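Let me begin by presenting the structure, written as structure tokens, before commenting on it.
2 protein chains.
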Amino acid sequence: MNNETMCRILLVEDDLKLAKVVGEYLTANNFHVLHEPDGARAGGRILDENPDLVILDIMLPGKDGLTICREVRPRYAGPILMLTALGEETDEVVGLELGADDYLAKPVRPRLLLTRINALLRRTSRLERLGAVDEGMEPRVNIGSLEVDTANRTVHLGDQVIELTTAEFDLLLYFARHVGKVLTRDQIYRDVRGIEYNGLDRSIDLRIARLRRKLGDDGKQPQRIKSIRGAGYLMVEDQ
Amino acid sequence: MNNETMCRILLVEDDLKLAKVVGEYLTANNFHVLHEPDGARAGGRILDENPDLVILDIMLPGKDGLTICREVRPRYAGPILMLTALGEETDEVVGLELGADDYLAKPVRPRLLLTRINALLRRTSRLERLGAVDEGMEPRVNIGSLEVDTANRTVHLGDQVIELTTAEFDLLLYFARHVGKVLTRDQIYRDVRGIEYNGLDRSIDLRIARLRRKLGDDGKQPQRIKSIRGAGYLMVEDQ
DNA sequence: GTTTGTCGGATACAAAGCGTTACAATCGGA
DNA sequence: TCCGATTGTAACGCTTTGTATCCGACAAAC
């Protein structure tokens, strides 16, 4: 991620005072900070917002950070930075095993946090996340007769292989990971192209059209990627 | 939901004193609060009003909150926030399993409640509810020979496929989920278009006409979607 | 029974959304 | 640096959707 759009960080932290301090510091350093105090909702929030990075407190009401990390990993490819109170050293190992990318002990030192964040973002650029063989992410996504394999970036429809270009594959993978959800252009531009949607651009529509053609989907009566007029697009499970 | 219309919250709570406090607090915070003290009537009320959010007390005379939640889930897609007295911890798990989206222990702290409500509303916009694979919602609705499949947004009449546009499908799904109920224009505009009915607009009448035509329903003698003069429209079960 | 106002169906038209094609810019490998 | 493949831009036209209008049906009042 870079200057195209501001980096979006989701901070999962129940300690509101701490969250405020951290949030303000990161905002001052040109990040767009989202805050979620409730562990029970954190998982959904991560998947919905698809932030560039997640800061995840381990001790949370509702649901603890380790559980969230494990649950969310198969469907969220971005970096997760765990926060833990002193004396929970052992959690570090567990956390990293469950898919966290880094680990920081409380009390939080804002400067140190910022350093770690930048390191993580450098390591895992958006490009890499689309790339996909991130540990923990499910390597294959099935939507009816369609199979998307992230490991070697291949797509099968039934028994035949579909040749997709880079952009087409990225788009398809994004839809495949959000089957049954209406995806707005704002979301698609943000998550797939990494730029802000300006309300006029049509490039994604064109990508969709090309993708549909290769998937044998008619633009007039699509069976896989439906157009939701005025809203966006929706991938459905066929047959 | 957003600035188009004020957010409508249905509060199911038999403790009138509590209901009054909560209701006034939410009203002051720019919500439109509906109140239902009777558990036995709560289910019907939820389906009729189709509020943007339901606050559901677990301990209720008539019928308990868990039962209501389970019964209503397949036909109500909005967020449900459960309230429970202290010491009923175990209910949390059960509640979430039955389709509640969040859970709050009594005594109710208005500020906290407000925070939770806003979080839930952010998560579950009207757009998302169009999406379809919401957990707990029934994926298919049958009305006699008519079958509406929300998972892939298809409609079958007998053995033939009916091609509907986005708007037509949304409208049909809404009627299908409220078979046998007279739906006023106020309700339809609010729930399907997400705007307030101004008393003059005729766009829904036109949508109905187009839908009827595709369903093979004559506008003069409709067999599926009846016009209720002075009130609204009514979908009936077959012939 | 006639009149009058209201409601809802039907048609025509206009605006907006989206699919499609052609072409230009860009990328990536010889 | 060149060339083909990929990706985005521009333009066009069809489809969808809403607005305006007209007209017939129904209901209440006379």
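The listed protein sequences derive, respectively, from chains A and B.
The numbering of the first sequence is the working numbering, which starts it at 1 and goes up by one.
The numbering of the second sequence is the working numbering, which starts it at 1001 and goes up by one.
Glycine included, every Cβ here is placed at the ideal spot set by N, Cα and C.
Owing to the predicted nature of the structure, the values given are computational and were not obtained by experimental measurement.
Apart from sequence neighbours up to five positions away, the residues of its chain that approach F1031/B with a beta-carbon distance below 6 Å are C1007, I1009, ordered along the chain.
With the rule of 3 Cβ pairs closer than 8 Å, the stretch 1172-1191 of chain B counts as touching the stretch 1146-1156 of chain B.
Judged by pairs of C-beta atoms under 8 Å, the stretch 1019-1027 of chain B does not touch the stretch 154-170 of chain A, as fewer than three such pairs exist. E168/A counts as buried, since no fewer than 16 other beta carbons sit within 10 angstroms of its beta carbon.
When C-beta distances to chain B are compared with 8 Å, the residues of the stretch 179-203 of chain A below that value are V179, G180, K181, V182, T184, in chain order. Given a length threshold of 4 residues, each whole run of the alpha helix (DSSP H) inside the stretch 31-94 of chain A is given here in chain order: 39-49, 65-72. For E1147/B, the enclosing beta strand (DSSP E) stretches over residues 1146-1149.
In the structure shown, A105/A falls within a strand segment according to DSSP collapsed to helix, strand and coil. By the beta-carbon neighbour count (other beta carbons within 10 angstroms, threshold 16), I228/A is buried. Boundaries of the alpha helix (DSSP H) around Y1174/B: 1166-1176. With respect to the C-alpha of G65/A, the residue from T84/A, P79/A, L47/A having the closest C-alpha is T84/A. Think of a sphere of 9 Å around the beta carbon of R1153/B: the chain A residues whose beta carbon falls inside it are K226, I228, L234, V236, in chain order. Annotation for R1207/B: A1167, E1168, L1171 place their beta carbon closer than 7 Å to its own, counting only its chain and skipping 5 residues before and after. T1166/B has a beta carbon lying within less than 7 Å of a beta carbon in chain A. With a 10 Å radius around the Cβ and a threshold of 16 neighbouring Cβ atoms, R202/A comes out exposed. Beta-bridge partners assigned by DSSP to Q1160/B: L1157/B. According to DSSP, I1208/B shares a beta bridge with no other residue.
For I1195/B, no beta strand (DSSP E) segment is defined, and its DSSP state is neither H nor E. When DSSP states are grouped into helix, strand and coil, G23/A belongs to the helix group.
In the DSSP assignment, R224/A falls outside any beta strand (DSSP E) and carries neither an H nor an E. L16/A sits exposed, since fewer than 16 C-beta atoms from the chains shown fall within 10 Å of its C-beta. Neighbours of E1163/B in chain A, taken as residues at a C-beta separation under 8 Å, are given in chain order as Q221. Secondary-structure assignment with DSSP links M1235/B through a beta bridge to I1225/B. Within a 10 Å sphere around the beta-carbon of E49/A sit 16 or more other beta-carbons, which makes this residue buried.
Its chain contains V182, L183, T184, R185 as the residues whose beta carbon lies nearer than 6 Å to that of G232/A, once the 5 sequence neighbours on both sides are disregarded; these appear in chain order. Short of 7 Å from the beta carbon of I46/A, and not among the five residues preceding or following it, lie these beta carbons of its own chain, in chain order: L10, V54, V72, Y76. In the DSSP annotation of this structure, the continuous segment of the alpha helix (DSSP H) that includes R185/A starts and ends at 185-188. According to the DSSP assignment, L11/A belongs to the beta strand (DSSP E) that extends over 7-12. In this model, D1014/B and G1039/B are separated by some 8 Å (Cα to Cα). In the DSSP annotation of this structure, the continuous segment of the beta strand (DSSP E) that includes R1140/B starts and ends at 1140-1143. Secondary-structure assignment with DSSP links V1179/B through no beta bridge to anything.
Taking C-beta atoms as the reference points, L1120/B and P1079/B count as a pair closer than 7 Å. Setting aside the 5 residues that flank it on each side, Y189/A is surrounded in the same chain by I195, E196, Y197, I204, each with a C-beta closer than 7 Å to its C-beta; the list follows chain order. In the three-state reduction of the DSSP assignment, N118/A falls in the helix class.
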